[in-house]
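Just below is one structure, and these are the notes that go with it.
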Amino acid sequence: MKPIAIPLLALVLAAPTTAQIRAGVFSRNTGTLNLMFRSGGSIKGKVLTVEGNRVHLEAEQGIATQKQWHNLSDFSNYSAYRIKSAVTPDTAEGQLALARFALEHDLSHLAERCVARARHLSKDPKVGADIIPAIQHHEAQKLENRFHRELGKGQISAARDTLKLLYFRHGKLYDNAMRAALAQKLDDRARALVVEAAEAKAARVTKAQDEAFAREVKPLQHDLQRARTDVERAMGGSRSFGRSIAALDTAITRYYRVNRRAERLMKKYDDRPELLKTVAALEEESARGWRDSLLNQASYYFTRTSYSKAYKNCNKILAKYPGDKRALSMRSRVERASKGGWGWGWGWGRPYSVLPPIGYGRRY
Numbered sequence: 001m002k003p004i005a006i007p008l009l010a011l012v013l014a015a016p017t018t019a020q021i022r023a024g025v026f027s028r029n030t031g032t033l034n035l036m037f038r039s040g041g042s043i044k045g046k047v048l049t050v051e052g053n054r055v056h057l058e059a060e061q062g063i064a065t066q067k068q069w070h071n072l073s074d075f076s077n078y079s080a081y082r083i084k085s086a087v088t089p090d091t092a093e094g095q096l097a098l099a100r101f102a103l104e105h106d107l108s109h110l111a112e113r114c115v116a117r118a119r120h121l122s123k124d125p126k127v128g129a130d131i132i133p134a135i136q137h138h139e140a141q142k143l144e145n146r147f148h149r150e151l152g153k154g155q156i157s158a159a160r161d162t163l164k165l166l167y168f169r170h171g172k173l174y175d176n177a178m179r180a181a182l183a184q185k186l187d188d189r190a191r192a193l194v195v196e197a198a199e200a201k202a203a204r205v206t207k208a209q210d211e212a213f214a215r216e217v218k219p220l221q222h223d224l225q226r227a228r229t230d231v232e233r234a235m236g237g238s239r240s241f242g243r244s245i246a247a248l249d250t251a252i253t254r255y256y257r258v259n260r261r262a263e264r265l266m267k268k269y270d271d272r273p274e275l276l277k278t279v280a281a282l283e284e285e286s287a288r289g290w291r292d293s294l295l296n297q298a299s300y301y302f303t304r305t306s307y308s309k310a311y312k313n314c315n316k317i318l319a320k321y322p323g324d325k326r327a328l329s330m331r332s333r334v335e336r337a338s339k340g341g342w343g344w345g346w347g348w349g350r351p352y353s354v355l356p357p358i359g360y361g362r363r364y
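So in our numbering, spot 351 of the sequence shown is number 351, and the numbers just go up one at a time.
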């Protein structure tokens, strides 16, 4: 069989015009439809009849078909519109009825298309004039709802663009008071986002400071605990003089290091009162431990008549704490003993016979 030659002019004339496409001439679909239920399922078939809220379908099941009844309200808005469109007569009255149905189902853009189709069929540009305001209000409300959704998500730039589009398309529906109210909501939300961003940044900074503080305080607490252990070993009474002096030397070094670091942390976190309490406790304990360890070591030196070393320990304390009564008292004893020779051979083995250890066994 020879191919049939179709003139190019006939193809051009058969093609739909732009006006016809805009009017929806070729939008109707009476064949097999893929329909979605509100529950999320779907069905494929042809619409046979629509009786009120009841829909008679010829549903496809594999290669077979089955006639079924469904409620129109069970379908999604768009699927319900497609069902209604399949049985609506292609007349001006039918398209206007379909436009009202689309409006009821939140499909204002399809309602607008149906009105355009009715005007095309009736050749009357005023057909559906009573529906147009409802369509415009519905479209404006959709844009306004989008504006509020974008505000809620913090999308200020998108919300501002939506507001411009709303005024461009439906500016006549909004008087100055309504525009001012929407603009105020936009400004309020923008300011609130700035505040929220600042608070979120402050929270991040605080969290970072807390984590850094925890990392910096942990070694101080560890050193403090080891210094306490050193003092307990030194003052146990069963250790030799040399080991006791060495243990106290280590404790003095640890206490001093903790104190210096605590002082730096006090300056670093001076704007965080809740953190300063922890640092102040570390500083106080380390300072007290440092003084007590120096005095205990001085008492050991005193029993061995190492007056110069005992005197030096007292002066270390007084250089930092000039009014320390215990250091002043100990230095006076050392001075008297060194001048009068007091203490030779007296209480040779342990410092308790001369002076009770500072911070050990009793509180000063």
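All residues carry an ideal CB built from backbone N, CA and C; glycine is no exception.
(request) Name the one or two DSSP bridge partners that K44 has. (result) Counted from its first residue, the sequence shown places residue 44 at position 44. As computed with DSSP, K44 is found in a beta bridge with N34.
(request) Return helix, strand or coil for T88, following the three-state DSSP convention. (result) One-based indexing of the sequence shown puts residue 88 at position 88. In the structure shown, T88 sits in coil (DSSP, three-state: anything other than H, G, I, E or B).
(request) Report the three-state DSSP secondary structure of R410 (helix, strand or coil). (result) Here the chain covers residues 1 to 364 and nothing more, so residue 410 does not appear.
(message) Taking DSSP's pairing of strands, which residues face L121 in a bridge?
(response) Counted from its first residue, the sequence shown places residue 121 at position 121. Beta-bridge partners of L121 (DSSP): none assigned.
(request) Spatial neighbours of P3 within its chain, please: CB distance less than 7 Å, with the 5 preceding and 5 following residues excluded, ordered by chain position. (result) On the sequence shown, residue 3 is found 3 positions in, with the first residue counted as 1. Annotation note: pLDDT 46 at P3 (below 50); position unreliable, no value reported.
(message) Among the candidates G41, G94, L57 and S73, whose CA atom is the shortest distance from the CA of Q66?
(response) Residue numbering aside, residue 66 sits at position 66 when the sequence shown is read from its first letter. Nearest neighbour of Q66 by Cα position, chosen from G41, G94, L57 and S73, turns out to be L57.
(request) Leaving out five residues on either side along the sequence, give the residues of the same chain with a beta carbon under 7 Å from the beta carbon of E112. (result) For the purposes of this step, residue 112 is taken as the residue at position 112 of the sequence shown. Within the same chain, and ignoring the five residues on either side of E112 in sequence, the residues whose Cβ sits closer than 7 Å to its Cβ are I135.
(request) Give me the Cα-Cα distance between K325 and T250, rounded to the nearest whole angstrom. (result) Within the sequence shown, the letter at position 325 stands for residue 325. Within the sequence shown, the letter at position 250 stands for residue 250. Looking at the two C-alpha atoms, the distance is approximately 24 Å.
(message) Pull the bridge partners of T49 from the DSSP assignment, please.
(response) Here the question's residue 49 lines up with position 49 in the sequence shown. BP columns for T49 point to H56.
(message) For R204 and R160, what's the separation of their Cα atoms in angstroms?
(response) Taking the first residue of the sequence shown as position 1, residue 204 is located at position 204. Taking the first residue of the sequence shown as position 1, residue 160 is located at position 160. Approximately 29 Å, taken between the alpha carbons.
(request) Quick one: residues in its chain with C-beta nearer than 7 Å to the C-beta of N34, no 5 flanking neighbours on either side, listed in chain order? (result) Counting from 1 along the sequence shown, the entry for residue 34 is found at position 34. Contacts found: S42 and K44.
(request) Quick one: grab the DSSP three-state call for A129. (result) Taking the first residue of the sequence shown as 1, we reach residue 129 at position 129. Note: A129 maps to coil in three-state DSSP.
(message) Just to confirm my understanding: we take L173, look at its own chain, exclude 5 residues before and 5 after, and list those with CB closer than 6 Å. What are they?
(response) Position 173 of the sequence shown, counting from 1, holds the residue named residue 173. The beta carbon of L173 sits closer than 6 Å to those of A140, all from its chain and outside the five residues before and after it, given in chain order.
(message) Given a cut-off of 7 Å on the beta-carbon distance, is the pair W290 and Y255 in contact?
(response) In the sequence shown, residue 290 corresponds to position 290, counting from 1. In the sequence shown, residue 255 corresponds to position 255, counting from 1. Taking 7 Å as the Cβ cut-off, W290 and Y255 qualify as a contacting pair.
(request) Please go through the same chain and pick out, in chain order, the residues whose beta-carbon is closer than 6 Å to the beta-carbon of V55, but skip the five residues on each side of it. (result) Within the sequence shown, numbered from 1, the residue matching residue 55 stands at position 55. Answer for V55: H70, L72 and I83, listed in chain order.
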